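Asker: Under UniProt numbering, the first residue of the sequence shown is numbered 1, with each subsequent residue one higher. The C-beta atom is built at its ideal place from N, Cα and C for all residues, glycine as well. Quick caveat, the model's predicted, so the values are computed rather than measured.
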Amino acid sequence: MNDVQDATSPGAALGGPVACVSKVELRVACKALLDRDTLNKSDPCVILMVQNQGQWTELDRTEVIKSNLHPVFAKVFTLDYYFEEVQKLRFEVYDIHGTHSIGTRDDDFLGGVECTLGQIVAQKKMVKPLFLKYAKYAGKSTITVNAEEISGNNGYVELFFCAKKLDDKDLFSKSDPFLEIYRINDDGTEQLVHRTEVIKNNLNPVWEPFKVSLISLCSCDEDRKLKCLVWDSDSRGKHDFIGEFYATFREMQKIGGGSKVTWDCINPKYKLKKKNYKNSGVVILSDLKLHRVYSFLDYIMGGCQIHFTVAIDFTASNGDPRNSCSLHYINPYQPNEYLKALIAVGEICQDYDSDKRFSALGFGARIPPNYEVSHDFAINFNPEDDECEEIQGVVEAYQNCLPKIQLYGPTNVSPIISRIAKLSAGEETIKDASRYHILLILTDGVVTDMADTREAIVRASYQPLSIIIVGVGNADFTDMQILDGDDGVLRSPKGEPVLRDIVQFVPFRDFKTASPAALAKCVLAEVPNQVVEYYSHKAICPMPPVLSCDSPTSLANTPTESLPAVGTTA
Numbered sequence: 001m002n003d004v005q006d007a008t009s010p011g012a013a014l015g016g017p018v019a020c021v022s023k024v025e026l027r028v029a030c031k032a033l034l035d036r037d038t039l040n041k042s043d044p045c046v047i048l049m050v051q052n053q054g055q056w057t058e059l060d061r062t063e064v065i066k067s068n069l070h071p072v073f074a075k076v077f078t079l080d081y082y083f084e085e086v087q088k089l090r091f092e093v094y095d096i097h098g099t100h101s102i103g104t105r106d107d108d109f110l111g112g113v114e115c116t117l118g119q120i121v122a123q124k125k126m127v128k129p130l131f132l133k134y135a136k137y138a139g140k141s142t143i144t145v146n147a148e149e150i151s152g153n154n155g156y157v158e159l160f161f162c163a164k165k166l167d168d169k170d171l172f173s174k175s176d177p178f179l180e181i182y183r184i185n186d187d188g189t190e191q192l193v194h195r196t197e198v199i200k201n202n203l204n205p206v207w208e209p210f211k212v213s214l215i216s217l218c219s220c221d222e223d224r225k226l227k228c229l230v231w232d233s234d235s236r237g238k239h240d241f242i243g244e245f246y247a248t249f250r251e252m253q254k255i256g257g258g259s260k261v262t263w264d265c266i267n268p269k270y271k272l273k274k275k276n277y278k279n280s281g282v283v284i285l286s287d288l289k290l291h292r293v294y295s296f297l298d299y300i301m302g303g304c305q306i307h308f309t310v311a312i313d314f315t316a317s318n319g320d321p322r323n324s325c326s327l328h329y330i331n332p333y334q335p336n337e338y339l340k341a342l343i344a345v346g347e348i349c350q351d352y353d354s355d356k357r358f359s360a361l362g363f364g365a366r367i368p369p370n371y372e373v374s375h376d377f378a379i380n381f382n383p384e385d386d387e388c389e390e391i392q393g394v395v396e397a398y399q400n401c402l403p404k405i406q407l408y409g410p411t412n413v414s415p416i417i418s419r420i421a422k423l424s425a426g427e428e429t430i431k432d433a434s435r436y437h438i439l440l441i442l443t444d445g446v447v448t449d450m451a452d453t454r455e456a457i458v459r460a461s462y463q464p465l466s467i468i469i470v471g472v473g474n475a476d477f478t479d480m481q482i483l484d485g486d487d488g489v490l491r492s493p494k495g496e497p498v499l500r501d502i503v504q505f506v507p508f509r510d511f512k513t514a515s516p517a518a519l520a521k522c523v524l525a526e527v528p529n530q531v532v533e534y535y536s537h538k539a540i541c542p543m544p545p546v547l548s549c550d551s552p553t554s555l556a557n558t559p560t561e562s563l564p565a566v567g568t569t570a
């Protein structure tokens, strides 16, 4: 199985052209490497370095290929790609001796090259010369890096291969077989997809199952030809050819109902020379499992509605709304911070809600007719229907309610979180990905009911809900950071952890001089991940599903499971 490694970076915004971060797979090959060994050829390995804050750190490395100056590596590097960032990469090639770690004096540096992930993606296939220290060319050595984007509809297939009665290539023992699978591209070139491990001294090998993305295997084209080669491994790198066969992913999908898919392993030379030649063994696909990956856009394009609720802090610490120093002061020429945050986030969310009706709630005020303190009231004063028409309707309801209420306190937000979580829980009974909730809480200070709020968030993390908290004004919001699980797992007062990180906290003052889009991008950045994580945890497919979880349409009787597309690896 190919291990994959994620390069972490801040998430993409919901409001951009593509909501979820793109994932890119990189495959590496080298040509004409320097030969540092006296008796044998170099044993190369490629190290992938990433630059963070000016420092180079190792992200991952390929396998070592013995005695080969033109290696094609099976290792796949998987990185997150961000259009708005410069992601610097460095590829370093070493001749490995024994089991020593890279950087010891026993390992010879064969060359390196620096580039950006953007350059690789733009070219799709990048060929660069390798350089030694002091920008000296490493002879005619080159490195080729192929990039492929993993799309939202993509998935992984897990393949189980074995073989029987392979030709024996060794005199005093049996063959040591391994299998290579190449994808044949549109231009006729061949791209290594996977190389299995070597099974020692065995003519009936059972290779370890491995996972590979569908875009890597066949470019999501079920009829694309795959060239499969079986070799007898040689420790010096001079492998003996056993045979080959051609397959397609469509053929592989014929597996099911206890039946297996088999191919004759053919050595073309033997076929020409030997009259009664049948094969050099058979290769068998004994099992196939498709792991379908769904993205945020799969759910949105499948009809998932994002229901937006705003909760506004009406505690006395905001100041008298009639005073121009108040955070709730209505300036006819410029919206206050509450309105700026509401409009910035709401205008993006409204694109994902077909009826364009939004719940608008308040807390911390005395409200008519009895002027009792409420921590959960509709700002349109209609408890039967707290929704407003579009974001403009929320703005008007907010402006109209200010003269009718008395700002009071304390700053309790747990009642509203519990209310929306209960509403979200009602959606859970539907068992489909039809509705997800976003709660935007706008407050001017640290919440008073912190213990109850933590408990409410832990309960809410089990529901289709994300919570965004924007701190308005100049208060010290340090204690609010505890609600944002970025620095650790949020727990209830009893120690129970959240199921998912669903809270994002941002002080508005950090964006006072920025555009509204910058605030929206920041506070909504984590929502796509949270949506996918929730439905993936519940094993709920998009509507209509790209591939039915219960009865796969393209894989008869093939086991299928849905996996998150963002920030995780199957």
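Based on the DSSP output, what are the partners of Cys388 in its beta bridges?
Answerer: As a working mapping, residue 388 is identified with position 388 in the sequence shown. Cys388 pairs with Phe358.
Asker: Apart from the five residues on each side of it in sequence, which residues of its chain come closer than 6 Å, Cβ to Cβ, to Leu547?
Answerer: Within the sequence shown, numbered from 1, the residue matching residue 547 stands at position 547. Because Leu547 sits at a pLDDT of 37, beneath the cut-off of 50, its placement in the model cannot be relied upon, and the following sentence gives the value as read from the coordinates. If we look at Leu547 and ignore the five residues flanking it on each side, its Cβ neighbours are Arg292.
Asker: Measure the C-alpha to C-alpha separation of Gln305 and Val282 and round it to an integer number of angstroms.
Answerer: Translated into the one-based positions of the sequence shown, residue 305 becomes position 305. Translated into the one-based positions of the sequence shown, residue 282 becomes position 282. About 51 Å.
Asker: What do you get for Phe477, buried or exposed, if any count of 16 or more other CB atoms within 10 angstroms of its CB means buried?
Answerer: Translated into positions along the sequence shown, residue 477 becomes position 477. The residue in question, Phe477, is buried, as its Cβ has 16 or more Cβ neighbours within 10 Å.
Asker: For Ala456, which residues in the same chain have their Cβ closer than 6 Å to its Cβ, ignoring the five residues on either side in sequence?
Answerer: Residue 456 sits at position 456 when you count from the first residue of the sequence shown. The residues are Ser414, Ile417, Ser418.
Asker: Could you name each continuous beta strand (DSSP E) segment of 3 residues or more that falls completely within the UniProt domain "C2" (137 to 264), going from the start of the chain to the end?
Answerer: Those beta strand (DSSP E) runs which fall completely within the UniProt domain "C2" (137 to 264) and span 3+ residues are 137 to 150, 155 to 164, 177 to 184, 190 to 195, 210 to 213, 226 to 232, 240 to 247, 261 to 264.
Asker: Identify whether Met543 lies in helix, strand or coil by the three-state DSSP scheme.
Answerer: Taking the sequence shown and counting its residues from 1, the one referred to as residue 543 is at position 543. Coil at Met543, not helix or strand.
Asker: Helix, strand or coil, according to DSSP, for Val127 in the structure here?
Answerer: To locate residue 127, count along the sequence shown from 1; it is residue 127. Looking at Val127 - three-state DSSP - the assignment turns out to be strand.
Asker: Is the segment 37 to 51 touching the segment 212 to 227, taking contact as three or more C-beta pairs under 8 Å?
Answerer: No contact exists between the segment 37 to 51 and the segment 212 to 227.
Asker: Just curious, the alpha helix (DSSP H) that Gln530 is in, first and last residue?
Answerer: The residue labelled residue 530 in the question sits at position 530 within the sequence shown. Counting along the chain, the alpha helix (DSSP H) containing Gln530 begins and ends at 527 to 537.
Asker: Could you give the distance in angstroms between the alpha-carbon of Tyr82 and the alpha-carbon of Val145?
Answerer: In the sequence shown, residue 82 corresponds to position 82, counting from 1. In the sequence shown, residue 145 corresponds to position 145, counting from 1. Using only the alpha carbons, I get a separation of about 18 Å.
Asker: Just confirm the distance between the C-beta atoms of Lys169 and Ile120, as a whole number of angstroms; I'd bet it's less than 8 Å.
Answerer: Residue 169 sits at position 169 when you count from the first residue of the sequence shown. Residue 120 sits at position 120 when you count from the first residue of the sequence shown. 38 Å between Cβ atoms; not a contact.
Asker: Considering only C-alpha positions, which residue in the set Pro368, Ile96, Glu58, Phe160 is nearest to Ser286?
Answerer: Along the sequence shown, read from residue 1 onward, the residue named residue 286 stands at position 286. That would be Phe160, whose Cα lies nearest to the Cα of Ser286.
Asker: Less than 6 Å between C-beta atoms, sequence neighbours within five positions excluded: which residues of the same chain meet that for Glu390?
Answerer: Numbered from 1 along the sequence shown, position 390 holds the residue referred to as residue 390. Same-chain partners within the cutoff: Lys356.
Asker: For the segment 421 to 465, which segments carrying the beta strand (DSSP E) assignment without a break, of at least 3 residues, lie completely within its bounds, in sequence order?
Answerer: If we require 3 residues or more, the beta strand (DSSP E) runs fully inside the segment 421 to 465 come out as 435 to 443.
Asker: Going straight from the alpha carbon of Asp3 to that of His194, what length do you get?
Answerer: Taking the first residue of the sequence shown as 1, we reach residue 3 at position 3. Taking the first residue of the sequence shown as 1, we reach residue 194 at position 194. The predicted position of Asp3 is uncertain, since its pLDDT is 35 and thus under 50; no value can be drawn from it.
Asker: Given a cut-off of 7 Å, decide if Phe296 and Cys349 are closer than it, judged by their beta-carbon atoms.
Answerer: Taking the sequence shown and counting its residues from 1, the one referred to as residue 349 is at position 349. Taking the sequence shown and counting its residues from 1, the one referred to as residue 296 is at position 296. No, the pair does not count as a contact, with Cβ atoms beyond the cut-off.
Asker: Just to confirm, is the Cβ distance from Thr315 to Thr411 under 7 Å?
Answerer: Numbered from 1 along the sequence shown, position 315 holds the residue referred to as residue 315. Numbered from 1 along the sequence shown, position 411 holds the residue referred to as residue 411. Against a cut-off of 7 Å, the Cβ pair of Thr411 and Thr315 comes out as a contact.
Asker: So if DSSP puts Glu347 in a beta bridge, which residue, or which two residues, is it bridged to?
Answerer: Your numbering for residue 347 matches position 347 in the sequence shown. Glu347 pairs with nothing; no bridge assigned.
Asker: Quick one: grab the DSSP three-state call for Pro403.
Answerer: In the sequence shown, the residue the question calls residue 403 occupies position 403. Of the three classes helix, strand and coil, the one that applies to Pro403 here is helix, per DSSP.
Asker: Going by other Cβ atoms of all chains shown within 10 Å of its Cβ, with 16 needed for buried, is Glu537 buried or exposed?
Answerer: On the sequence shown, position 537 is the one that residue 537 refers to. One detail in the question is off: residue 537 reads as His in this sequence, not Glu. The residue in question, His537, is exposed, as its Cβ has fewer than 16 Cβ neighbours within 10 Å.
Asker: My understanding is that Leu110 touches Ala138, with C-beta atoms under 8 Å, so please give their C-beta distance in whole angstroms.
Answerer: Numbered from its first residue, the sequence shown carries residue 110 at position 110. Numbered from its first residue, the sequence shown carries residue 138 at position 138. Right, the Cβ-Cβ distance comes to about 6 Å (below 8 Å), so this counts as a contact.
Asker: May I ask which residues mark the beginning and end of the alpha helix (DSSP H) holding Leu524?
Answerer: Position 524 of the sequence shown, counting from 1, holds the residue named residue 524. Its alpha helix (DSSP H) spans residues 516 to 524.
Asker: Just to confirm before moving on: does the CB-CB distance between Asp313 and Thr116 stay below 7 Å?
Answerer: Position 313 of the sequence shown holds residue 313. Position 116 of the sequence shown holds residue 116. Against a cut-off of 7 Å, the Cβ pair of Thr116 and Asp313 comes out as no contact.
Asker: Just to confirm, are Ser173 and Asn201 a CB contact at a threshold of 7 Å?
Answerer: By 1-based counting over the sequence shown, the position of residue 173 is 173. By 1-based counting over the sequence shown, the position of residue 201 is 201. For Ser173 and Asn201, yes; Cβs fall inside 7 Å.
Asker: Please determine, among Arg61, Val76, Glu58, Glu63, the residue with the shortest C-alpha to C-alpha distance to Glu25.
Answerer: Mapped onto the sequence shown, residue 25 falls at position 25. With distances taken between Cα atoms, Glu25 lies closest to Val76.
Asker: Compare the beta carbon distance of Tyr338 and Val489 with 7 Å and say whether it is the shorter of the two.
Answerer: For this step, residue 338 is matched to residue 338 along the sequence shown. For this step, residue 489 is matched to residue 489 along the sequence shown. No. Outside cutoff.
Asker: Can you pull the DSSP bridge partners for Glu92?
Answerer: For this step, residue 92 is matched to residue 92 along the sequence shown. According to DSSP, Glu92 bridges with Ile47, Gly112.
Asker: From the DSSP output, which residues share a beta bridge with Pro507?
Answerer: Taking the sequence shown and counting its residues from 1, one reaches residue 507 at position 507. According to DSSP, Pro507 bridges with Gly471.
Asker: If you run the structure through DSSP and keep just helix, strand and coil, what is Leu290?
Answerer: Sequence index remark: in the sequence shown, residue 290 carries index 290 (1-based). Strand, per DSSP.
Asker: Closer than 7 Å by C-beta to Asn185: which residues in its own chain qualify, once you throw out the five before and the five after it? Chain order, please.
Answerer: Here residue 185 is taken as the residue at index 185 of the sequence shown, counted from 1. The residues are Gln191.
Asker: Could you round the C-beta distance between Glu180 and Cys228 to whole angstroms and report it? I think they count as a contact, below 8 Å.
Answerer: Taking the first residue of the sequence shown as position 1, residue 180 is located at position 180. Taking the first residue of the sequence shown as position 1, residue 228 is located at position 228. About 7 Å separates the two Cβ atoms, so the contact holds.
Asker: Applying the criterion that 16 or more other CB atoms from any shown protein chain within 10 Å of the CB defines a buried residue, is Thr78 buried or exposed?
Answerer: By one-based count along the sequence shown, residue 78 stands at place 78. When all chains shown are included, Thr78 counts as buried.
Asker: So which of Ser175, Cys325, Tyr156, Ala451 has the shortest CA-CA distance to Phe210?
Answerer: Translated into the one-based positions of the sequence shown, residue 210 becomes position 210. Residue Tyr156 is the option with its Cα nearest to Phe210.
Asker: Starting from Leu33, follow the alpha helix (DSSP H) in both directions and report where the run begins and ends.
Answerer: One-based indexing of the sequence shown puts residue 33 at position 33. Counting along the chain, Leu33 falls outside any alpha helix (DSSP H), and DSSP gives it neither H nor E.
Asker: Under 7 Å, do Val498 and Val458 count as touching if we go by C-beta distance?
Answerer: Position 498 of the sequence shown, counting from 1, holds the residue named residue 498. Position 458 of the sequence shown, counting from 1, holds the residue named residue 458. Cβ atoms of Val498 and Val458: closer than 7 Å.
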